[in-house]
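Participant: Just dropping this structure here.
Number of protein chains: 2
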Amino acid sequence: VDVISSSSNPTVRSARRLVSARGRRGAGGRFLLEGPEGIRAALTAGHPPTVLLATEAAAARHAGLVNQARRGGAQVALVAERLLAGLADTTTPQGLVAVVGSVAAGLDNLPARPRLVCVLVEARDPGNAGTVIRAADAFGADAVVLTMGSVDAEHPRAVRAAAGSLFHLPVLTGVAWPALRDALRDRGLCLVGADPHAADTVAAAPLHQPTALILGNEAHGLAAAARDDLDFVVRLPMHGRAESLNLAAAAAVLLYETANRQWTVRRKEAAVGR
Amino acid sequence: VDVISSSSNPTVRSARRLVSARGRRGAGGRFLLEGPEGIRAALTAGHPPTVLLATEAAAARHAGLVNQARRGGAQVALVAERLLAGLADTTTPQGLVAVVGSVAAGLDNLPARPRLVCVLVEARDPGNAGTVIRAADAFGADAVVLTMGSVDAEHPRAVRAAAGSLFHLPVLTGVAWPALRDALRDRGLCLVGADPHAADTVAAAPLHQPTALILGNEAHGLAAAARDDLDFVVRLPMHGRAESLNLAAAAAVLLYETANRQWTVRRKEAAVGR
Chain A
1 VDVISSSSNP
11 TVRSARRLVS
21 ARGRRGAGGR
31 FLLEGPEGIR
41 AALTAGHPPT
51 VLLATEAAAA
61 RHAGLVNQAR
71 RGGAQVALVA
81 ERLLAGLADT
91 TTPQGLVAVV
101 GSVAAGLDNL
111 PARPRLVCVL
121 VEARDPGNAG
131 TVIRAADAFG
141 ADAVVLTMGS
151 VDAEHPRAVR
161 AAAGSLFHLP
171 VLTGVAWPAL
181 RDALRDRGLC
191 LVGADPHAAD
201 TVAAAPLHQP
211 TALILGNEAH
221 GLAAAARDDL
231 DFVVRLPMHG
241 RAESLNLAAA
251 AAVLLYETAN
261 RQWTVRRKEA
271 AVGR
Chain B
1001 VDVISSSSNP
1011 TVRSARRLVS
1021 ARGRRGAGGR
1031 FLLEGPEGIR
1041 AALTAGHPPT
1051 VLLATEAAAA
1061 RHAGLVNQAR
1071 RGGAQVALVA
1081 ERLLAGLADT
1091 TTPQGLVAVV
1101 GSVAAGLDNL
1111 PARPRLVCVL
1121 VEARDPGNAG
1131 TVIRAADAFG
1141 ADAVVLTMGS
1151 VDAEHPRAVR
1161 AAAGSLFHLP
1171 VLTGVAWPAL
1181 RDALRDRGLC
1191 LVGADPHAAD
1201 TVAAAPLHQP
1211 TALILGNEAH
1221 GLAAAARDDL
1231 DFVVRLPMHG
1241 RAESLNLAAA
1251 AAVLLYETAN
1261 RQWTVRRKEA
1271 AVGR
């Protein structure tokens, strides 16, 4: 079996290009998945990689996964350990890196009757974006939206933090706020913004109804243009000295609280036979 | 005014040593704070830096903060931009890096009558540790404990993610599980572990009582030695396809839920005049 050891190999080179945002844009949004879990999630979600690069050791260790990728249409190539490491943002990609087509969707992919949507307005940290996508998936959100000016959801650190969830729910990117606002309202969602300095806590918002949770930038919070359009702006109740939470932690708590209230209502409705 | 421009300057060299875990241990746990917010939090908490390194531009921009540090006993030195960047883990330290003494405490610093303690058992990611410390502070926890084998809470990325909260509540580190378990029990805390595969959800745990929340490693979950000692092991209710949350996101949600239930009880008790 041939093992690619040259960094000028065309397959390796075109994969390496996807490490940068510019390279991903130039390649129609194709991006890199590191490690077996992410690749398995992509395959399970019917989103097979086009290319799978593996070290010899990893190909042996994950033979089933490699075969599944090949059957899904992936070109499988063995590469030297050092080349694979150069493709990975993680220090431990576990010997597998795959190239997959973009999953980023536009506003027309917003579901018709969503109950819970999470919107990040101008979020900048890729780890936060990925962690929010994972939490939104965990709590059953119908979509995540990253507005224009937000970080790339397919940045290697976002992909890693999302841990497969990028393939589980629609992730809408590059959406302008006014169009998004109209689309969320058209679908009957209540627009609830989060701000640690808000006067009201989450108790004041009707989160049991279909809700879009709107979170702002890590440093500057909610942009004024978005904030002025919201139905409610609320904060989480804090009892200590920290003034705020990390963006992804705040999103996770809000998603949990909203999902909890919505499911409480759904269970009650089910119990009375509606 | 002299601006240090040599990387062999002793003040710069001894600060640079604190970038690595080994260097921090060798320096009695002193660590680096990047940026004005962290330095302000340390000063406000009565934990002044011993050394403050600033670019000329930053010293002018943050003159009040620099003076406050100097009055608190810090040696203030102006350094060239490129030297300061070499000390910082962030790409944008905003021209200020300070050296502060360790805040890490031992088991004897566990408060006598805690209501809420958050324990990380063998957590490995510094960003997660810092984010958990920030969330624990926000939701009014009495302490955070990192067991022996966990990441260093004073790692630059942990310090940055904690955003000043390291100075707000006791952070106990390097604690062995059996001693910790006994100390938590002695203080009357219910030991509640988190595991996404647990049979019961958080609804099954008496979180309104004094509680120690116990979270495990990012990849392997709760260590068996700890798990076997717990009163409850519960999961968050999930409604989507993600099997779990990021460690810090899970901790934030559990801290929120626990603080919520405890405060609901306290408010009721206050209302009936107890």
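Protein chains in written order, with my numbering: chain A, 1 to 274; chain B, 1001 to 1274.
The beta-carbon is built from N, C-alpha and C at its ideal position, and this holds for glycine as well.
Predicted model only: the values in this text are computed from it and were never measured.
Closest to T211 (chain A) by CA distance: which of A:L247, A:A179, A:L184 and A:H47 is it?
Facilitator: The candidate whose alpha carbon is nearest that of T211 (chain A) is A:L184.
Participant: With the cut-off set at 9 Å, would you say L1096 (chain B) and H1062 (chain B) are in Cβ contact?
Facilitator: Cβ atoms of L1096 (chain B) and H1062 (chain B): closer than 9 Å.
Participant: Does the distance from the CB of A85 (chain A) to the CB of V76 (chain A) come in under 9 Å?
Facilitator: Contact: no.
Participant: Opposite V1171 (chain B) in the DSSP bridges: which residues?
Facilitator: Bridge partners of V1171 (chain B): B:V1144.
Participant: Who are T1201 (chain B)'s beta bridge partners in DSSP?
Facilitator: Bridge partners of T1201 (chain B): B:R1235.
Participant: What are the residues in the stretch 1126 to 1140 of chain B lying within 8 Å of chain A by C-beta distance?
Facilitator: For the stretch 1126 to 1140 of chain B, which is checked against every Cβ of chain A, the residues closer than 8 Å are G1127, T1131, R1134, A1135, A1136, D1137, A1138, F1139 and G1140.
Participant: With DSSP as the reference, please indicate the residues paired to Q75 (chain A) in a beta bridge.
Facilitator: Q75 (chain A) pairs with A:V51.
Participant: Check whether the Cβ atoms of A226 (chain A) and V121 (chain A) lie closer than 9 Å to each other.
Facilitator: In this structure, V121 (chain A) lies closer than 9 Å to A226 (chain A) by Cβ.
Participant: Out of A:Q209, A:H155, A:A60 and A:N260, point me to the one whose CA is closest to V99 (chain A)'s CA.
Facilitator: The residue with the shortest Cα to Cα distance from V99 (chain A) is A:H155.
Participant: Report the rounded CA-to-CA distance for A54 (chain A) versus V79 (chain A), giving the unit in angstroms.
Facilitator: One C-alpha to the other measures close to 6 Å.
Participant: Can you tell me where the alpha helix (DSSP H) with G188 (chain A) in it begins and where it stops?
Facilitator: Here G188 (chain A) belongs to no alpha helix (DSSP H), and DSSP marks it neither H nor E.
Participant: Could you spell out where the beta strand (DSSP E) holding E34 (chain A) opens and where it closes?
Facilitator: F31 to E34 is the span of the beta strand (DSSP E), which, as asked, contains E34 (chain A).
Participant: Return the residue from the list A:T173, A:G193 and A:Q209 that minimises the CA-CA distance to R187 (chain A).
Facilitator: When each option's Cα is compared against that of R187 (chain A), the closest is A:Q209.
Participant: With a threshold of 8 Å (Cβ to nearest heavy atom), would D1228 (chain B) be considered close to the ligand MG?
Facilitator: Ligands are entirely absent from the displayed structure, and the ligand MG is therefore not among its contents.
Participant: Establish whether the CB of S1279 (chain B) and some CB of chain A are separated by less than 9 Å.
Facilitator: Here chain B comprises residues numbered 1001 to 1274, so residue 1279 (chain B) is not present and cannot be evaluated.
Participant: Flag this pair as touching only if the stretch 136 to 154 of chain A and the stretch 167 to 177 of chain A have three or more C-beta atom pairs under 8 Å; answer yes or no.
Facilitator: Yes, the stretch 136 to 154 of chain A is in contact with the stretch 167 to 177 of chain A.
Participant: Are the C-beta atoms of E269 (chain A) and some chain B residue less than 9 Å apart?
Facilitator: No, no contact with chain B.
Participant: In whole angstroms, give me the CA-to-CA distance for S5 (chain A) and L33 (chain A).
Facilitator: Between S5 (chain A) and L33 (chain A), the C-alpha separation is close to 20 Å.
Participant: Answer yes or no: do A275 (chain A) and G1127 (chain B) have a C-beta to C-beta separation smaller than 9 Å?
Facilitator: Absent from the model: residue 275 (chain A). The displayed extent of chain A is 1 to 274, so no value can be given.
Participant: So which of B:A1042, B:A1204, B:D1002 and B:D1228 has the shortest CA-CA distance to R1181 (chain B)?
Facilitator: With distances taken between Cα atoms, R1181 (chain B) lies closest to B:D1228.
Participant: By the DSSP assignment, the alpha helix (DSSP H) with A1098 (chain B) in it spans what residues?
Facilitator: Run containing A1098 (chain B): none in the alpha helix (DSSP H); it sits in the beta strand (DSSP E), L1096 to V1100.
Participant: Leaving out five residues on either side along the sequence, give the residues of the same chain with a beta carbon under 7 Å from the beta carbon of F1139 (chain B).
Facilitator: The answer, listed in chain order, is L1255, Y1256 and A1259.
Participant: Just to make sure I have the definition right: I need the residues of chain B whose C-beta is within less than 8 Å of the C-beta of L236 (chain A). Which are they?
Facilitator: A1138 and Y1256, listed in chain order.
Participant: What would DSSP say about V1159 (chain B), mapped onto helix, strand or coil?
Facilitator: In this structure, V1159 (chain B) counts as helix in the three-state DSSP scheme.
Participant: Below 8 Å, can you find three or more Cβ-Cβ pairs linking the stretch 102 to 119 of chain A to the stretch 129 to 144 of chain A?
Facilitator: Yes, the stretch 102 to 119 of chain A touches the stretch 129 to 144 of chain A.
Participant: Let me check understanding here. Comparing Cα to Cα, which of B:R1235, B:A1252 and B:L1087 lies closest to L236 (chain A)?
Facilitator: The shortest Cα separation from L236 (chain A) among B:R1235, B:A1252 and B:L1087 belongs to B:A1252.
Participant: Report the neighbours of N217 (chain A) on chain B: residues whose CB is nearer than 8 Å to its CB, in chain order.
Facilitator: Near N217 (chain A) there are no residues of chain B at all, since even the closest Cβ is about 14 Å away, more than 8 Å.
Participant: Using CA coordinates, which residue listed in B:L1087, B:A1042 and B:A1058 is at the minimum distance from G1073 (chain B)?
Facilitator: Per the Cα distances, B:A1042.
Participant: Quick one: what does DSSP say L1116 (chain B) is sitting in, helix, strand or coil?
Facilitator: L1116 (chain B): strand per DSSP, three-state reduction.
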